[in-house]
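The C-terminal position of the sequence shown is numbered 754 in this note's numbering, with every residue numbered one higher than the one before it.
These notes are about the structure you will find just below.
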Amino acid sequence: MTIQSPVMAEFAPNPQFHREGLIDLCGQWGFAFDDADLGMLEGWWKRADVFDKAITVPYPPESKLSGIGAPGFHPVIWYHRTFQTRKLARDERLFLHFGAVDYAASVWVNGQCVATHRGGHVPFSADITGVLNGEGEQTVVVRAEDQPRDVRVPRGKQDWLEDPHAIWYHRTSGIWQPVWLSIVPALHFTDIHFVPDLINARVRCEVRLNAAPIEPTRLTLKFGVKGKSLAEQSVMLADSELCFDISIPQIEHGTYRDHLLWTPEKPNLVDAEITLEGKMPDRVKSYLGLRSVSVCNHLFLLNEHPYYLRLVLGQNYWPESHLAAPDAAALRKEVELIKSMGFNGVRVHQKIEDPRFLYWCDVLGLLVWEEMPSAYAFSSSMMERLSQEWMEAIRRDKSHPCIVAWVPLNESWGVSHIATREDQAHFASALYHMTKALDPSRPAISNDGWELVESDIWSVHDYAPDGEGLSSRFHNREDMEAMLKGMGPARRRLVLGGRELGDKPVMLTEFGGLSYTPKQGDNWHGYSTVSDPQEFEACLRDLFLAIAASPNLAGYCYTQVTDTEQEANGLLTAARVPKLPLETIRDITTMPAAIMPQEKVDNARRVARKAAGHE
Numbered sequence: 140m141t142i143q144s145p146v147m148a149e150f151a152p153n154p155q156f157h158r159e160g161l162i163d164l165c166g167q168w169g170f171a172f173d174d175a176d177l178g179m180l181e182g183w184w185k186r187a188d189v190f191d192k193a194i195t196v197p198y199p200p201e202s203k204l205s206g207i208g209a210p211g212f213h214p215v216i217w218y219h220r221t222f223q224t225r226k227l228a229r230d231e232r233l234f235l236h237f238g239a240v241d242y243a244a245s246v247w248v249n250g251q252c253v254a255t256h257r258g259g260h261v262p263f264s265a266d267i268t269g270v271l272n273g274e275g276e277q278t279v280v281v282r283a284e285d286q287p288r289d290v291r292v293p294r295g296k297q298d299w300l301e302d303p304h305a306i307w308y309h310r311t312s313g314i315w316q317p318v319w320l321s322i323v324p325a326l327h328f329t330d331i332h333f334v335p336d337l338i339n340a341r342v343r344c345e346v347r348l349n350a351a352p353i354e355p356t357r358l359t360l361k362f363g364v365k366g367k368s369l370a371e372q373s374v375m376l377a378d379s380e381l382c383f384d385i386s387i388p389q390i391e392h393g394t395y396r397d398h399l400l401w402t403p404e405k406p407n408l409v410d411a412e413i414t415l416e417g418k419m420p421d422r423v424k425s426y427l428g429l430r431s432v433s434v435c436n437h438l439f440l441l442n443e444h445p446y447y448l449r450l451v452l453g454q455n456y457w458p459e460s461h462l463a464a465p466d467a468a469a470l471r472k473e474v475e476l477i478k479s480m481g482f483n484g485v486r487v488h489q490k491i492e493d494p495r496f497l498y499w500c501d502v503l504g505l506l507v508w509e510e511m512p513s514a515y516a517f518s519s520s521m522m523e524r525l526s527q528e529w530m531e532a533i534r535r536d537k538s539h540p541c542i543v544a545w546v547p548l549n550e551s552w553g554v555s556h557i558a559t560r561e562d563q564a565h566f567a568s569a570l571y572h573m574t575k576a577l578d579p580s581r582p583a584i585s586n587d588g589w590e591l592v593e594s595d596i597w598s599v600h601d602y603a604p605d606g607e608g609l610s611s612r613f614h615n616r617e618d619m620e621a622m623l624k625g626m627g628p629a630r631r632r633l634v635l636g637g638r639e640l641g642d643k644p645v646m647l648t649e650f651g652g653l654s655y656t657p658k659q660g661d662n663w664h665g666y667s668t669v670s671d672p673q674e675f676e677a678c679l680r681d682l683f684l685a686i687a688a689s690p691n692l693a694g695y696c697y698t699q700v701t702d703t704e705q706e707a708n709g710l711l712t713a714a715r716v717p718k719l720p721l722e723t724i725r726d727i728t729t730m731p732a733a734i735m736p737q738e739k740v741d742n743a744r745r746v747a748r749k750a751a752g753h754e
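What follows is the structure, encoded as structure tokens:
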């Protein structure tokens with residue numbers, strides 16, 4: 140069984156949880172604005188005459204590719220389409236799935252409400268079997284509400300003003316990830332997760348069903364690598380949830396270990412097929428990466444070995460489609476571009492990214508820091524909304540080997556008084572502990588950038604205009620620790636509450652932000668500016684040299700991959716055109732790090748192998 144490439148040859152909205160025979164509902168839908176919010180009063184879910192426009196799903200109506208291109212305030216929008224379905228067997232169920240609808244959605248099928256959901260970056264689904272009109276044509280209607288001025292909603296970098304300002308960009312409302320149908324057995328999987336345990340040579344398997352079996356039912360799990368069997372195990376399932384371990388003795392032996400472990404340099408994947416037996420079996424294809432991540436001795440560890448993180452900030456925003464990717468190929472291209480610039484990871488900023496992007500990070504080898512989109516006003520409703528959506532994001536994504544850190548908050552957005560208000564500090568601490576409870580296998584950063592409470596990594600944002608400024612804060616450990624215990628470069632406290640720094644790694648998780656000097660009248664936001672490519676290269680080298688020379692930094696994250704609206708500080712333009720040759724950028728980003736002496740040896744070895752024609 141191989142799923143790495145073939146599964147993407149067909150429609151696969153989530154390649155890590157894939158069933159055969161999915162039915163794609165993307166494409167042309169009827170569409171209507173409901174600025175006066177009359178649709179619920181007038182029963183639009185039962186009417187077709189109000190849908191006077193056409194939209195291309197899954198592009199948001201603010202974008203050009205949607206065919207609407209209306210970036211102004213339209214807080215309530217409606218969608219309508221029909222689809223065909225065959226007659227279902229007695230033990231079959233038809234499910235309607237949405238990858239993401241921003242922000243609150245209500246869904247009707249044949250005039251009956253089948254789902255409501257809140258959370259603009261995470262998926263939901265509905266069993267629509269009971270409302271079908273036999274076989275043949277069926278109607279689905281979606282109402283999406285995204286109040287643009289509500290800053291208690293987790294919105295990330297989507298602007299609450301009508302036009303983009305400062306670092307915020309155009310909104311993404313309504314359906315912005317795939318919509319599809321699946322036919323499943325009456326008893327079926329809803330969740331499958333894999334947690335590698337390299338030290339004990341096993342994988343923890345977590346499964347969840349839609350209901351408890353009437354009688355114990357056999358579950359069979361098969362692991363394979365490149366068509367060869369790796370492990371197989373069967374268990375009896377008598378409840379709706381089960382955790383069990385499957386032994387992988389090959390990872391105890393060095394002979395096999397390097398061919399099985401997942402790293403960005405060797406992104407080996409293990410194919411998985413899991414089957415729930417019964418009158419009508421449920422089969423799901425998946426995959427996993429055998430790898431571990433942890434921190435100790437001021438270092439980040441990958442597979443128990445020190446690993447230097449070279450991240451870049453990715454907003455994953457496209458001018459023609461906003462947060463939605465222009466097509467599936469664009470998601471792969473984004474990963475390839477990041478790797479071609481020498482980075483081994485990406486911090487996906489203020490966005491829960493499409494599962495197909497995470498798939499290519501898994502397949503091609505790119506580490507990911509997953510970050511929850513922020514709200515901007517602290518309140519009870521904000522805490523409820525953000526916590527619930529964050530839990531759903533972790534539930535969807537925690538099996539991806541590429542994800543190596545969780546970030547529930549960024550730069551105190553939504554908790555702007557965290558340094559002086561106990562309730563906001565408690566909320567940040569609670570998010571950290573909830574994240575670790577849901578997934579103890581990865582580091583979590585409570586509030587990336589500054590004003591950190593509990594955290595596995597001390598992450599600092601520092602937009603120093605030159606290497607000298609960075610060196611003055613991060614080269615000497617005593618100076619760096621004094622800064623961490625006091626005020627940081629952004630005039631904010633860094634580690635709150637007198638917490639011990641311990642041996643946790645320190646990382647510079649935002650820096651740089653170089654852009655070309657704006658012209659008179661440009662809508663521009665940035666940090667340091669340069670006048671031409673030569674100065675751009677010189678400034679980049681200066682910054683990266685200071686970071687590489689620091690014996691105290693365990694990794695970095697450069698701002699950013701691409702220009703994003705007026706935030707024109709990317710290494711690439713918004714059209715993904717490099718501002719410097721990719722080879723030049725790669726040479727700069729991959730300078731050997733002082734904290735990792737072995738990198739100089741590795742670098743010399745690569746040069747020798749390349750000269751000998753082995754690479």
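By construction, the Cβ of each residue, glycine as well, lies at the ideal position given by its N, Cα and C atoms.
Item	Value
For glutamine 316 and glycine 238, which I take to be in contact (beta-carbon distance under 8 Å), what is that distance rounded to the nearest angstrom?	3 Å
Looking at the secondary structure, which residues open and close the alpha helix (DSSP H) in which methionine 511 lies?	Taken as a continuous stretch (DSSP letters only), methionine 511 belongs to no alpha helix (DSSP H), as it is neither H nor E.
Starting from the C-beta of arginine 745, find all residues in its chain whose C-beta is less than 6 Å away, skip the five residues before and the five after it, and write them out in chain order.	none
Just to confirm, are valine 323 and arginine 232 a CB contact at a threshold of 8 Å?	yes
Buried or exposed: which applies to alanine 351, given that a residue is buried once 16 or more other Cβ atoms fall within 10 Å of its Cβ?	exposed
Quick one: grab the DSSP three-state call for threonine 728.	helix
What are the residues that DSSP puts in a beta bridge with methionine 646?	Ser598
Go ahead and label proline 736 buried or exposed: buried means 16 or more other beta carbons lie within 10 angstroms of its beta carbon, across all protein chains shown.	exposed
In whole angstroms, what separates the C-alpha of phenylalanine 150 from that of isoleucine 194?	20 Å
On the criterion of 16 or more Cβ atoms from any shown chain inside 10 Å, does glutamine 251 qualify as buried, or is it exposed?	exposed
Considering just the uninterrupted stretch of the alpha helix (DSSP H) at cysteine 165, what are its terminal residues?	From DSSP, cysteine 165 is part of no alpha helix (DSSP H); its letter is neither H nor E.
Quick check on glycine 182: buried or exposed, where buried means 16 or more other Cβ atoms within 10 Å of its Cβ?	exposed
Which same chain residues end up closer than 6 Å to aspartate 330 when comparing Cβ atoms and leaving out the 5 residues on each side of it in sequence?	Arg347
Look at the Cβ atom of alanine 693, then the Cβ atom of leucine 448, and state whether they are nearer than 8 Å.	yes
What does the Cβ neighbour count give for leucine 300, buried or exposed, with the cut at 16 atoms within 10 Å?	exposed
So, with DSSP's three-state summary, where would you put valine 502?	helix
Glycine 417 to arginine 357, Cα distance in whole Å?	8 Å
Identify which residue in Leu227, Val474 and Gly393 has its Cα closest to the Cα of threonine 268.	Leu227
Can you look up lysine 490 in the DSSP assignment and give me helix, strand or coil?	strand
Quick one: what's got a C-beta closer than 7 Å to aspartate 336's C-beta in the same chain, skipping five residues either side?	Val342 and Arg343
Is methionine 375 helix, strand or coil when you go by DSSP?	strand
Rounded to the nearest angstrom, what separates arginine 788 and proline 154 at their Cα positions?	One cannot answer for residue 788 here, as it falls past the ends of the chain, which runs 140 to 754.
Apart from the five residues on each side of it in sequence, which residues of its chain come closer than 8 Å, Cβ to Cβ, to glutamate 85?	With the chain covering only 140 through 754, there is no way to say anything about residue 85.
Please look up how many angstroms separate the CB atoms of phenylalanine 678 and valine 451, rounded, as I've assumed it's under 8 Å.	In the sequence on display, residue 678 carries cysteine and not phenylalanine. Actually they do not touch by this definition, with Cβ atoms about 16 Å apart.
Which residue spans inside the segment 332 to 400 form an unbroken alpha helix (DSSP H) run of at least 4?	393 to 399
DSSP beta-bridge partners for glutamine 223?	Glu276
Could you please give the first and the last residue of the uninterrupted beta strand (DSSP E) stretch that includes alanine 254?	251 to 257
Ignore the nearest five residues each way along the sequence and tell me which others in serine 594's own chain have a CB closer than 6 Å to its CB.	Ile584 and Ser585
Any idea if arginine 291 is buried or exposed, counting beta-carbon neighbours within 10 angstroms, 16 or more meaning buried?	buried
What's the gap between the Cα of methionine 140 and the Cα of serine 513?	For methionine 140, the pLDDT reaches just 27, beneath the cut-off of 50, and the residue's location in the model is therefore unreliable, leaving the point undetermined.
Can you have a look at serine 312 and say buried or exposed, based on whether 16 or more other CB atoms are within 10 angstroms of its CB?	buried
Check whether the segment 495 to 514 touches the segment 539 to 551, taking contact to mean three or more Cβ pairs, one atom from each stretch, closer than 8 Å.	yes
Measure the alpha-carbon distance for aspartate 605 versus serine 598 and round it to whole angstroms.	19 Å
I'd like to know if the segment 669 to 677 and the segment 617 to 625 are in contact, where contact means that at least 3 CB-CB pairs between them fall below 8 Å.	no
Taking the C-alpha atoms as reference points, what is the distance between alanine 687 and leucine 429?	29 Å
Expressed to the nearest angstrom, what Euclidean distance is found between the alpha-carbon atoms of proline 199 and proline 717?	27 Å
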